[in-house]
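Structure, rendered in structure tokens:
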């Protein structure tokens, strides 16, 4: 099969235009697909989305910050830490009721481990209740628990070096049996200089 050159075609068929089509020729008009978009439309959309994202991040940061800060009264409440095992005095399982037990537990900084002195009372950062010797027990192994503050001597404590002593019986805040593991009950016991009676507070 012989192919004719463009020049030959023009010579033999003067009315035939064999020029190469212009770029875009034969393509549908842009008008069929709606008006042309401005060249900076993508950039404007991106900037708007970025501003919305920054605003969302700022709001989230404020919300998280206020949650972590907590109430002003107890925001910086210290921990009551044992020098026996480095664990903290803890209201067991976040119990809110009167008579809730106190134990030693790995320090987490949660509100059930936050305490503050209020005169001679030791108050919880979780609920404001007072650390007390249950039923004003006069002997050894008096249970140390939480109760609504009432000003009783069994809710009053004082420091003696690293010891924390009760006003009701002069006994020391102690870890039952001097055991180092989590979950050991806090009690009052005759002061004897043991490390289970030594606290950093």
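In my numbering, the protein residues as written are 247 to 447.
For each residue, glycine too, the CB sits at the ideal point set by N, CA and C.
DSSP state of residue i mapped onto helix, strand, coil
i, result
"residue 401", "helix"
"residue 276", "Confidence at residue 276 is low in this model, with a pLDDT of 42, below 50, so the placement of that residue should be treated as unreliable; the coordinate-derived value is given next. Correct three-state label for residue 276: helix."
"residue 312", "With a pLDDT of only 37 at residue 312, under the threshold of 50, the placement of this residue in the model should not be trusted; the figure read from the coordinates follows. If DSSP states are grouped into helix, strand and coil, residue 312 belongs with the helices."
"residue 281", "Because the pLDDT of residue 281 is 42, which lies under 50, any placement of that residue in the model is unreliable, and the number read from its coordinates should be weighed accordingly. Coil, per DSSP."
Boundaries of the beta strand (DSSP E) in which residue i is found, first to last residue
i, result
"residue 432", "430 to 435"
Residue i - partner residues in DSSP beta bridges
i, result
"residue 418", "411 and 435"
"residue 327", "334 and 446"
"residue 406", "409"
8 Å Cβ cutoff, residue i in contact with chain C
i, result
"residue 407", "The structure shown contains no chain C; it holds only a single protein chain."
Legend entry - Touching by the beta-carbon criterion (3+ pairs, under 8 Å), the segment 378 to 391 and the segment 345 to 360: yes
Legend entry - Contact between the segment 413 to 423 and the segment 373 to 389 (3+ Cβ pairs under 8 Å): yes
Legend entry - Secondary structure, beta strand (DSSP E): runs of 3+ residues fully inside the segment 335 to 389: 348 to 351, 361 to 364, 367 to 370 and 376 to 379
Inset, instruction - Could you say if the segment 352 to 369 and the segment 432 to 443 meet the contact criterion of at least three C-beta pairs nearer than 8 Å? - result: no
Inset, instruction - Report yes or no: do the segment 401 to 410 and the segment 330 to 342 share at least 3 C-beta pairs separated by less than 8 Å? - result: no
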